[in-house]
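FYI, the numbering for the first sequence is 999 to 1148, going by the numbering used here.
Quick reminder that beta carbons are idealized off the backbone N, C-alpha and C, glycines included.
Reviewing the structure listed below.
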Amino acid sequence: MKYWLMKTEPDAFSIDDLAAVGREPWSGVRNYQARNFMKAMSVGDGVLFYHSNTKVPGIVGLAEVVSEAYPDPTQFVKTSDYYDPKSTQEEPRWALVDVGFKRKFKRIVSLEELKANADRLDEFALLRRGSRLSVLPVTAGQWKTILSLE
DNA sequence: GCCAACGTTGGC
DNA sequence: GCCAACGTTGGC
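Written out as structure tokens, the structure is:
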């Protein structure tokens, strides 16, 4: 079992939205590194659910990977914000996985708090300077440490 | 293949 | 709303 962190802007799609729908295709990722991480995911992998671009950014709950990677259908939709004219059905460029709700944290584990515990989270990709990746790997040790902060 | 221009991300 | 950091685009 592997672990990941996935970012979302709560104004667009929050942990409460995920709780409401139960499961969601993680469409719209248009970064090759993030896409490659999703392709490396397996059903059952753990996901730290992160709220970005909000008053208190941080990890707000747990989700899980509930599908293998498959082509992101929005890349073919001309009217979609995520349409990619260079992508074809035969050779899709973008992939996604379905993400399932696990649980919402009783309280947010804020970015500030994560930074304060950086020494226990060595080389955490989220804390790397200028990190903008929306999907990134988490080690078993980092996962454990973060759960202990909840 | 270089790199300037531009667009996006995301904390603050 | 600002802006640093970074990715992508496209002219050459």
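For residue j and residue i, believed in contact at Cβ under 8 angstroms, the rounded distance
| i | j | result |
| --- | --- | --- |
| R1021 | V1095 | Not confirmed; about 10 angstroms, so no contact. |
| K1037 | A1067 | 5 angstroms |
| E1121 | L1147 | Incorrect: roughly 17 angstroms between the Cβ atoms, too far for contact. |
| V1041 | V1063 | 6 angstroms |
Contact check, residue i vs residue j, beta carbons under 8 angstroms
| i | j | result |
| --- | --- | --- |
| L1109 | P1055 | yes |
| S1132 | A1032 | yes |
| W1002 | V1136 | yes |
| L1119 | Q1087 | no |
| D1043 | M1004 | no |
| K1102 | A1018 | no |
| A1138 | S1129 | no |
| T1077 | N1115 | no |
Residue interval of the alpha helix (DSSP H) (run including residue i)
| i | result |
| --- | --- |
| A1018 | I1013 to V1019 |
| S1146 | A1138 to L1147 |
| K1005 | Per DSSP, K1005 belongs to no alpha helix (DSSP H); it is in the beta strand (DSSP E), Y1001 to T1006. |
| N1029 | From DSSP, N1029 is part of no alpha helix (DSSP H); its letter is neither H nor E. |
Spatial neighbours of residue i in its chain, beta-carbon cut-off 8 angstroms, leaving aside the 5 residues before and after
| i | result |
| --- | --- |
| I1106 | H1049, V1054, G1056, I1057 and V1058 |
| Q1073 | Y1080, Y1081, D1082, S1085, P1090, R1091 and W1092 |
| T1052 | E1007, P1008 and D1009 |
| K1113 | L1125 |
| K1104 | E1148 |
Element boundaries [beta strand (DSSP E), containing residue i]
| i | result |
| --- | --- |
| F1047 | G1044 to H1049 |
Beta bridge counterpart(s) of residue i as assigned by DSSP
| i | result |
| --- | --- |
| P1135 | W1002 |
| F1099 | A1061 |
| L1124 | Note: L1124 sits in no beta bridge, so no partner. |
| L1094 | Y1068 |
| P1023 | D1096 |
| S1108 | G1056 |
6 angstroms CB neighbourhood of residue i in its chain, flanking five on each side removed
| i | result |
| --- | --- |
| F1047 | I1013, V1058, G1059 and A1061 |
Own chain residues within Cβ distance below 7 angstroms of residue i, not counting five before or after
| i | result |
| --- | --- |
| F1035 | W1002, V1133, L1134 and P1135 |
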